[in-house]
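K.L.:
One structure follows; several queries about it will come next.
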Amino acid sequence: MLERGFVYLLFGLYFVIGIVIGSFLNVCIYRLPLGKSVISPPSACGSCGHRLGDLDMIPVLSYFLLRGRCRYCNAAYSARYMLVELLTGILFALCGLYYLPGLKIILVFFFVACLIVQAFIDLDHQILLDEILMLMLPTGIIYAYYALPDMWDSLYGALFAGGLMLLIFLLSRGGMGAGDVKLSFVLGVWLGFKASIVCLMLAFVFGGIIGVLLLASGIKQRKDPIPFGPFLCIGAYIALLFSPYLIYFYWNLFV
155 MLERGFVYLL FGLYFVIGIV IGSFLNVCIY RLPLGKSVIS PPSACGSCGH RLGDLDMIPV
215 LSYFLLRGRC RYCNAAYSAR YMLVELLTGI LFALCGLYYL PGLKIILVFF FVACLIVQAF
275 IDLDHQILLD EILMLMLPTG IIYAYYALPD MWDSLYGALF AGGLMLLIFL LSRGGMGAGD
335 VKLSFVLGVW LGFKASIVCL MLAFVFGGII GVLLLASGIK QRKDPIPFGP FLCIGAYIAL
395 LFSPYLIYFY WNLFV
């Protein structure tokens with residue numbers, strides 16, 4: 155009973171850490187594409203410009219306490235800020251299912267945070283930031299050293315994922331962005347060869363399904379760009395945690 159209580163406490167801690175970091179990720183998602191500092195100036199209301207106080211920045215809870223409005227000018231603000239915080243908390247907590255406390259889970263938290271930032275920036279601006287990729291690459295090498303069977307697996311994953319996406323980029327003549335190629339290469343470093351296959355497979359499946367739904371609903375037209383980065387990030391997260399189970403399930407289902 156004590157061990158089970160400790161596990162629940164640990165998951166709760168990861169969730170709290172996640173929503174706090176998610177609050178900072180919101181700042182990164184908004185400011186980095188604009189070339190602004192994520193440190194200064196302090197957060198302020200986008201409508202009246204009033205500097206936000208502690209009550210305004212309690213992760214998740216502030217949105218409900220203030221009913222989604224600025225308490226200085228009563229302007230409504232997007233629920234997405236709260237959703238990013240909540241998403242980060244949930245994803246961090248789920249990492250506790252697979253990783254014990256230590257260096258590896260700290261690196262994984264960093265990886266997940268980068269995935270969230272890249273996914274939402276790509277949704278908003280159709281770009282993937284090289285600055286984030288340059289942070290993900292060295293940390294991915296460190297993670298691969300501790301978590302993958304050997305460094306060759308990391309190299310094979312990078313060459314496979316990056317090489318396949320480069321081929322698609324060249325054949326599609328702009329249908330796939332160069333940022334997707336670079337992101338895939340970095341994801342391969344983190345995931346290794348087998349998990350990279352799972353990541354790309356999931357990204358194409360999710361991307362195809364969502365793309366068809368967007369076209370069928372009229373939200374997107376055939377010539378409208380649909381960013382692929384978010385699907386790569388979703389596939390990477392699932393592959394990082396669950397690729398051994400998915401590979402085992404697939405193997406037993408079809409072989």
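Just so we're aligned: the sequence shown equals residues 155 to 409 in the numbering used here.
All C-beta atoms in this analysis are idealised placements derived from N, C-alpha and C, irrespective of residue type, glycine included.
1. So, are the CB atoms of PHE360 and ILE388 less than 7 Å apart?
2. If I measure Cβ to Cβ from VAL343 and keep anything under 7 Å in the same chain, skipping five residues before and after, which residues do I get?
3. Going by the C-beta, is ARG225 closer than 6 Å to any heavy atom of the ligand PLP?
4. By Cβ distance below 6 Å, which residues in the same chain neighbour TYR168 in space, the five residues on each side in sequence not counted?
5. Within the continuous alpha helix (DSSP H) that includes ILE281, where are the two ends?
6. Which residues in the same chain have their Cβ closer than 6 Å to the Cβ of VAL192, if we skip the five residues on either side of it in sequence?
7. Quick one, which of GLY203, LEU179, VAL352 and HIS204 has its alpha-carbon nearest ARG234's?
8. So, with DSSP's three-state summary, where would you put ALA229?
9. Tell me where the alpha helix (DSSP H) around PHE178 begins and ends.
10. Indicate whether GLY172 and GLN272 have their beta-carbon atoms separated by less than 7 Å.
11. How is ARG205 classed by DSSP in three states: helix, strand or coil?
P.N.:
According to the structure data:
1. yes
2. LEU291, GLY294, ILE295, ALA298, SER308, GLY311 and ALA312
3. As presented, the structure is devoid of all ligands, the ligand PLP included, so that no description of it is given.
4. PHE246, ALA247 and GLY250
5. Premise fails: ILE281 is in no alpha helix (DSSP H) and is neither H nor E.
6. VAL181, CYS182 and ARG185
7. LEU179
8. coil
9. 156 to 185
10. no
11. strand
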